[in-house]
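Visitor: First, the structure itself, so that you have it in front of you.
Protein chains: 2
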Amino acid sequence: MPTLDIGEVARRAGLPTSTLRFYEERGLIAATGRNGLRRQFDAGVLQRLALISLGRAAGFSLDEIAAMLGNDGQPTIDRVQLAARADELDHSIRRLTALRDSLRHAAVCPAASHLECPSFQKLLRVAERYRPRRKSRS
Amino acid sequence: MPTLDIGEVARRAGLPTSTLRFYEERGLIAATGRNGLRRQFDAGVLQRLALISLGRAAGFSLDEIAAMLGNDGQPTIDRVQLAARADELDHSIRRLTALRDSLRHAAVCPAASHLECPSFQKLLRVAERYRPRRKSRS
DNA sequence: CTGTGGCTTCAAGTCGACTTGAGGCCAAGC
DNA sequence: GCTTGGCCTCAAGTCGACTTGAAGCCACAG
Numbered sequence: 000m001p002t003l004d005i006g007e008v009a010r011r012a013g014l015p016t017s018t019l020r021f022y023e024e025r026g027l028i029a030a031t032g033r034n035g036l037r038r039q040f041d042a043g044v045l046q047r048l049a050l051i052s053l054g055r056a057a058g059f060s061l062d063e064i065a066a067m068l069g070n071d072g073q074p075t076i077d078r079v080q081l082a083a084r085a086d087e088l089d090h091s092i093r094r095l096t097a098l099r100d101s102l103r104h105a106a107v108c109p110a111a112s113h114l115e116c117p118s119f120q121k122l123l124r125v126a127e128r129y130r131p132r133r134k135s136r137s
Numbered sequence: 000m001p002t003l004d005i006g007e008v009a010r011r012a013g014l015p016t017s018t019l020r021f022y023e024e025r026g027l028i029a030a031t032g033r034n035g036l037r038r039q040f041d042a043g044v045l046q047r048l049a050l051i052s053l054g055r056a057a058g059f060s061l062d063e064i065a066a067m068l069g070n071d072g073q074p075t076i077d078r079v080q081l082a083a084r085a086d087e088l089d090h091s092i093r094r095l096t097a098l099r100d101s102l103r104h105a106a107v108c109p110a111a112s113h114l115e116c117p118s119f120q121k122l123l124r125v126a127e128r129y130r131p132r133r134k135s136r137s
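These protein sequence lines are chains D and R, in that order.
Numbering-wise (numbering that gives the first Met the number 0), the first sequence opens with residue 0 and increments by one.
Numbering-wise (numbering that gives the first Met the number 0), the second sequence opens with residue 0 and increments by one.
Rendered as structure tokens:
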């Protein structure tokens with residue numbers, strides 16, 4: 000079986016090598032061995048990295064992901080946790096949708112009236128309920 | 000006109016006083032004056048804080064928000080920027096929706112098959128496209 | 001033999017948005 | 001008089017996820 004240099008993994012996964020070393024240090028991925036000093040990975044690491052990306056995209060922290068993936072290869076994902084995260088995502092989506100609609104409205108609504116415009120006030124009310132723990136940006 | 004102590008503003012806005020001082024330092028809000036050493040705010044600051052929350056919720060950084068709100072009271076929001084952010088939100092929403100659906104599926108799909116399940120593979124493909132710049136969590 | 005490139009380690013730096021801590025002022029209540 | 005609470009300033013710390021820098025090994029090309 001062909002093993003991959005860290006640079007090759009980086010290229011294929013679209014991640015910098017520094018990130019891969021960091022992930023290894025955090026126990027998220029593991030090299031199969033060394034060739035001299037050089038880490039060797041087998042191709043399975045790419046799927047694992049995809050799972051990690053997935054977890055990140057879903058808003059899990061690296062620690063949570065590490066727990067889900069286990070130290071072994073088999074992702075022992077907690078279904079309850081998945082469903083819970085799906086629900087959380089649902090809330091985020093609703094919030095962001097309201098926000099998007101209001102932003103769109105604000106972008107076309109006459110200027111001086113923003114603070115009087117009922118739509119904008121609704122937007123403010125949505126915003127006030129929002130307590131950002133972490134930030135979001137595409 | 001009644002002016003508000005920082006603690007009162009904090010209470011009404013649901014923010015710690017430390018955050019208010021921090022926002023003042025960053026030029027996001029301004030005290031109308033001092034009573035002895037104590038900052039005095041007028042009630043308008045609450046609306047301004049709501050606008051700031053709104054901006055944060057929409058994913059703007061404090062610097063961007065400061066620029067939009069201007070040093071004066073009038074929010075001179077750039078409509079183009081608003082629309083652009085609405086579009087970005089739209090993308091985020093789509094991505095998160097796909098993610099949510101896939102998570103829900105994964106939560107009910109038989110265990111060992113995750114890596115073979117077409118739905119899960121789709122999920123992985125979605126995830127791979129995702130390059131998180133900042134994190135999201137409700 | 002001397003680069004050059006790609007890898008190695010380890011410590012420290014970065015970024016955004018705050019929070020925390022130390023040390024102090026001032027007014028009101030006991 | 002003394003404590004208590006709420007405010008003040010300024011510097012430094014925190015958190016997550018990495019990145020960057022310094023210093024060095026090793027193999028292959030010219």
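By construction, the Cβ of each residue, glycine as well, lies at the ideal position given by its N, Cα and C atoms.
Check this for me: beta carbons of R:Leu-53 and D:Leu-122, under 8 Å apart or not?
Guide: Looking up residue 53 of chain R in the second sequence gives position 54. Looking up residue 122 of chain D in the first sequence gives position 123. Taking a C-beta distance under 8 Å as the contact criterion, R:Leu-53 and D:Leu-122 qualify as a contact pair.
Visitor: Whose C-beta lies closer than 7 Å to the C-beta of D:Arg-38 among residues of the same chain, with five residues either side of it excluded?
Guide: Walking along the first sequence from the start, residue 38 of chain D turns up at place 39. Around D:Arg-38, the same chain offers Ile-5 and Ala-30 as residues with beta carbons nearer than 7 Å, after the five sequence neighbours per side are excluded.
Visitor: Tell me where the alpha helix (DSSP H) around D:Gly-43 begins and ends.
Guide: To locate residue 43 of chain D, count along the first sequence from 1; it is residue 44. Note, D:Gly-43: alpha helix (DSSP H), 43–56.
Visitor: Thinking C-alpha only, which one of R:Ala-56, R:His-104, R:Leu-88 and R:Glu-23 is nearest R:Phe-138?
Guide: Beyond the ends of chain R as shown, which are 0 and 137, falls residue 138 of chain R; an answer cannot be given.
Visitor: Tell me which same chain residues have a C-beta within less than 6 Å of the C-beta of D:Arg-99, skipping the five on either side of it?
Guide: Locating residue 99 of chain D in the first sequence gives position 100, where the first residue counts as 1. Excluding sequence neighbours, D:Arg-99 sits near nothing in its chain.
Visitor: Going by other Cβ atoms of all chains shown within 10 Å of its Cβ, with 16 needed for buried, is D:Phe-119 buried or exposed?
Guide: Start at 1 with the first residue of the first sequence, and residue 119 of chain D comes out as number 120. Classification of D:Phe-119: buried, given that the 10 Å Cβ count is 16 or more.
Visitor: With distances taken between CB atoms, is the gap from D:Leu-27 to D:Ile-51 smaller than 8 Å?
Guide: Here the question's residue 27 of chain D lines up with position 28 in the first sequence. Here the question's residue 51 of chain D lines up with position 52 in the first sequence. Contact: yes.
Visitor: Please report how far the alpha carbon of R:Ala-105 lies from the alpha carbon of R:Ala-9, in whole angstroms.
Guide: Here residue 105 of chain R corresponds to residue number 106 of the second sequence, with the count starting at 1. Here residue 9 of chain R corresponds to residue number 10 of the second sequence, with the count starting at 1. The alpha-carbon atoms of R:Ala-105 and R:Ala-9 are separated by roughly 42 Å.
Visitor: Taking a contact to mean a Cβ-Cβ separation below 8 Å, would you say R:Leu-102 touches D:Ala-97 in this structure?
Guide: For the purposes of this step, residue 102 of chain R is taken as the residue at position 103 of the second sequence. For the purposes of this step, residue 97 of chain D is taken as the residue at position 98 of the first sequence. No, these two residues do not count as a Cβ contact at 8 Å.
Visitor: So if DSSP puts D:Gln-120 in a beta bridge, which residue, or which two residues, is it bridged to?
Guide: Locating residue 120 of chain D in the first sequence gives position 121, counting from the first residue. The partner list for D:Gln-120 (beta bridge, DSSP) is empty, contrary to what the question assumes.
Visitor: Tell me where the beta strand (DSSP E) around D:Gly-32 begins and ends.
Guide: Translated into positions along the first sequence, residue 32 of chain D becomes position 33. Here the beta strand (DSSP E) through D:Gly-32 covers 32–34.
Visitor: In terms of residues, what are the limits of the alpha helix (DSSP H) holding D:Arg-84?
Guide: The residue given as residue 84 of chain D occupies position 85 in the first sequence. Unbroken alpha helix (DSSP H) run through D:Arg-84: 78–107.
Visitor: Based on DSSP bridge pairs, tell me the residues matched to D:Leu-3.
Guide: On the first sequence, position 4 is the one that residue 3 of chain D refers to. Bridge partners of D:Leu-3: D:Phe-40.
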